[in-house]
Structures are given as structure tokens and as C-alpha cells.
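Report on the structure given below.
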Amino acid sequence: MGPLLALASALCYGTVDYAGGILSRRAPFTTVTFLGQLGGLALASVAALLIPATSVHPADLLWGALSGLGSGTAMHFLNRGLSRGAMSVVVPVSAVTGVALSVVCGVLALDDRPGPLAWLGIAVTLPALWLVSGGRAGAARGAGDGLLASAGVAVQYVALGLAAPAAGLWPVVAGRVAAVLLLLPTVVRHGPAWLPRPLAAQALLVGAGAALGLILYLLAVHRQLLAVAVVLASLYPAVPVVLGLALLHERVTRRQTAGLLGAAVATVLLTLG
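The working numbering applies: residue 154 is where the sequence shown begins, and numbers increase by one.
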């Protein structure tokens with residue numbers, strides 16, 4: 154069940170990255186990011202009320218809040234990079250570096266001990282993610298956004314994984330509150346940008362989808378090693394490629410085909426490992 158939940162999380166993240174990337178080119182990325190966190194807070198709050206928690210301690214909420222700071226940072230720089238049209242740079246850099254940092258933290262700080270097959274899957278994942286996203290180097294501006302986003306991704310995953318299962322989904326709620334508070338000064342500084350209702354609704358839905366992805370990841374990490382859950386959840390860059398094929402009839406390069414095959418092999422190895 155753990156691998157399936159992590160893969161479902163990747164599906165959510167890949168879908169909202171695809172939608173959020175398009176939306177960030179049609180509206181100010183700061184407003185899109187902020188509204189997204191509000192949408193995520195609404196969904197997480199409802200889900201937390203529906204799924205009972207056995208015991209919620211302050212430490213669990215603090216870990217959740219730290220995870221939310223990572224989420225807010227990641228989404229801010231990811232959307233900024235996507236708004237500049239650097240998707241082929243920002244997505245692979247944020248995904249690959251975020252995976253590497255999360256796995257290192259899981260092994261060194263949390264004493265995760267993946268098996269040989271899992272380690273092989275982790276090793277295959279890193280080049281696969283890069284190839285899926287085009288395998289292209291880009292401008293320093295895009296790479297910088299990707300690196301900053303990846304640090305947020307690592308904090309998001311590792312901190313949320315440290316919350317106790319008994320806390321239910323309340324750490325995710327605490328994270329959304331922290332992300333809203335983190336992003337609020339930026340929105341105020343740049344001035345509120347009122348979006349047409351359809352765009353505002355899309356931003357809220359994108360944020361709700363990201364929160365759902367975090368919820369699925371949290372449920373996955375309670376059932377398996379954090380390092381494995383992070384890698385499986387981080388296969389999300391493959392989703393926009395598949396969506397582009399199915400919805401936009403885009404052509405896939407040989408590098409992307411190799412990356413998709415590598416991601417499939419990594420998924421099998423991580424599931425077996």
C-alpha cells in the first residue's frame with residue numbers, strides 16, 4: 154500500500170505542476186502561489202476533521218509547520234521559474250536535487266536503511282528524472298530557481314515524515330498555515346493582484362491538489378521508509394510529459410522516452426526493495 158500511496162502523490166504533484174505552470178504564465182506567480190496555499194489549507198482542514206487523530210502533540214505540529222515553510226518556499230521559486238518559461242530547467246533541478254537531499258537526510262538523520270534493490274532504484278531515479286524533463290541544461294536564472302525550490306522540497310518531505318502517525322493529518326494543516334504566513338508578506342509587498350474568478354478558482358484547485366499530494370505522501374511514509382517514499386513521490390516530472398502526450402499530442406524525444414523507461418524500472422525496484 155505504501156508504494157501505491159507514494160505513486161498517487163506523484164500523480165497529484167505532476168498534475169498540479171502541469172496546471173500551475175500554465176496558470177503562472179497567465180497570472181502573477183506570487184498570487185497564484187498564495188491562493189494555492191489557501192486552497193491547500195481548506196482541503197487539508199476538511200480532511201483532518203474527517204480522519205480522526207489519536208494524539209496530536211506540539212512537536213508534530215511544529216514538524217508540520219517546518220514542512221509548510223519548505224512547501225511555501227518550493228512553490229514560490231517553482232512558480233517563479235515556470236512563469237519565466239524555464240520548465241525544462243526548473244523541474245528537473247528541483248526534482249533531482251530534492252530527491253538527493255531527502256534521501257541523504259533520511260539515511261543520515263533518520264537511520265533509514267534501504268535494501269540493495271531500493272538503492273538501485275534510487276540510483277536509477279536521478280538520471281531518469283533529468284531525462285524525463287528533457288535532459289537539457291539551461292540559464293543560470295532557471296537553475297537557481299530550481300535549486301532554491303529543491304531545498305524547500307527536501308525540507309517539506311523530511312519534516313513531514315518526522316510527524317507521528319498518531320497526529321493524523323493535522324501536521325499537514327499546520328504546514329498550510331505556516332506556508333500562508335510565509336507567503337503573505339510577499340503578496341502584500343507586491344500589492345494584491347485580483348484575479349478573474351476562473352483563474353482564482355484554478356489557483357485554489359491547484360493548491361488543493363498539492364495538499365492532497367502531501368496527504369498521500371504522509372500516509373505513504375507511515376507505511377515504508379522515508380527515503381523510498383520520497384523517491385516514488387518525486388517521480389512527478391513524468392506526469393506532465395504523459396499529459397502532454399495525451400492532451401496536447403506533443404512529441405516525446407528519445408531522452409524523454411529513456412527517462413520514462415528508467416522511471417518505470419525505478420518504480421519496480423523501489424516497490425520490490
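Glycine included, every Cβ here is placed at the ideal spot set by N, Cα and C.
Boundaries cannot be given for Q377, as no alpha helix (DSSP H) includes it and DSSP labels it neither H nor E. Shown here, A307 sits in a helix according to DSSP, grouped into three states. Annotated as proximal: V383 and Y310, with beta-carbon spacing under 7 Å. Judged by DSSP in its simplified three-state form, H210 adopts coil rather than helix or strand.
A Cβ-Cβ separation of about 18 Å leaves A419 out of contact with V306 under the 8 Å criterion. Scanning its chain for C-beta atoms nearer than 7 Å, with the 5 sequence neighbours on each side dropped, one finds around A353 the residues L188, in chain order. In the three-state DSSP reduction, M228 falls in the helix class (H, G or I). Scanning L191, F230, R329 and L202 for the CA closest to the CA of L215 turns up R329.
For R233, same chain residues with a beta-carbon under 6 Å away, outside a window of 5 residues either side, are F182 and D298 in chain order.
L164 carries a helical assignment under DSSP once its states are collapsed to helix, strand and coil. Residue range F182 to L203 is occupied by the alpha helix (DSSP H) that includes S198.
When C-alpha distances from A363 are compared across A218, L348 and A161, the shortest belongs to A161. For the pair of segments examined, the segment 156 to 172 was found not to touch the segment 327 to 342: the number of CB pairs separated by less than 8 Å stays below three. The DSSP-derived three-state label of A356 is helix. For P324, the closest of Y389, L222 and L231 by C-alpha to C-alpha distance is L222. Residue burial annotation: M154 is exposed, with fewer than 16 other C-beta atoms found within 10 angstroms of its C-beta.
Minimum Cα-Cα distance from A312 among the listed residues L372, L219 and S224 corresponds to L219. With contacts defined by Cβ atoms closer than 7 Å, L322 and A200 form a contacting pair. Here the alpha carbon of Q190 sits roughly 24 Å from the alpha carbon of A391.
DSSP places Y389 in the coil class of the three-state scheme, outside both helix and strand. Separation of the CB atoms of A361 and L202 is rounded to 15 Å, and the pair is thereby denied contact status at 8 Å.
Scanning A331, V185 and L315 for the CA closest to the CA of L371 turns up L315.
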